[in-house]
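All residue numbers for the sequence shown refer to the working numbering, where the first residue is 947 and numbers rise by one.
Ideal Cβ positions, reconstructed from N, Cα and C, are used throughout, including at glycine.
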Amino acid sequence: MNDEEHLISVRELVRQLKTNQGTPVHSSTIHRWRLKGVRGVRLSCVRVGGRWFTSQQRFQEFCRRLSPDRSDSSAPHSDLVSGRLADRKLEDSGW
């Protein structure tokens, strides 16, 4: 982490995040992101005085790496649509 990053505790990050249902994310979720990661991407954290900290920048980078690139034309959704169109054409042609 560089000098310009403002450290926030895992507890502070938990307070900022909400699930789809509007409930707070559990602190063990943050620790799981730190230890095991998600799809090979781990949340970068540091330990200071027995407590774990990250930064908004590191959390945003974690989210960015997990989000699909919208400019990529081979996104899973477009592949699924293309596959369905191909299946329909095959059925229409008697296959």
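By the 10 Å Cβ neighbour count, where 16 or more other Cβ atoms means buried, how is Trp1041 classified, buried or exposed?
Taking the first residue of the sequence shown as 1, we reach residue 1041 at position 95. By the neighbour-count rule (16 or more Cβ atoms within 10 Å), Trp1041 is not buried but exposed.
Since Thr975 is in the beta strand (DSSP E), which residue starts that stretch and which ends it?
Here residue 975 refers to the residue found at position 29 when the sequence shown is read from its first residue. Segment Ser973 to Leu981 is the alpha helix (DSSP H) holding Thr975; no beta strand (DSSP E) there.
Classify Arg1004 as buried or exposed, calling it buried when 16 or more other Cβ atoms lie within 10 Å of its own Cβ.
For this step, residue 1004 is matched to residue 58 along the sequence shown. Flag for Arg1004 reads buried.
Grouping DSSP H, G and I as helix and E and B as strand, with all else coil, what is Arg961?
One-based indexing of the sequence shown puts residue 961 at position 15. If DSSP states are grouped into helix, strand and coil, Arg961 belongs with the helices.
Should Cys1009 be labelled buried (16 or more other beta-carbon atoms within 10 Å of its own) or exposed?
For this step, residue 1009 is matched to residue 63 along the sequence shown. That one is exposed.
Could you check if Leu989 is buried or exposed, using at least 16 other CB atoms within 10 Å of its CB as the buried criterion?
On the sequence shown, residue 989 is found 43 positions in, with the first residue counted as 1. Label assigned to Leu989: buried.
CA-to-CA distance, Arg997 to His952, given in whole angstroms
Here residue 952 refers to the residue found at position 6 of the sequence shown. Here residue 997 refers to the residue found at position 51 of the sequence shown. Near 15 Å, if we compare the C-alpha coordinates of Arg997 and His952.
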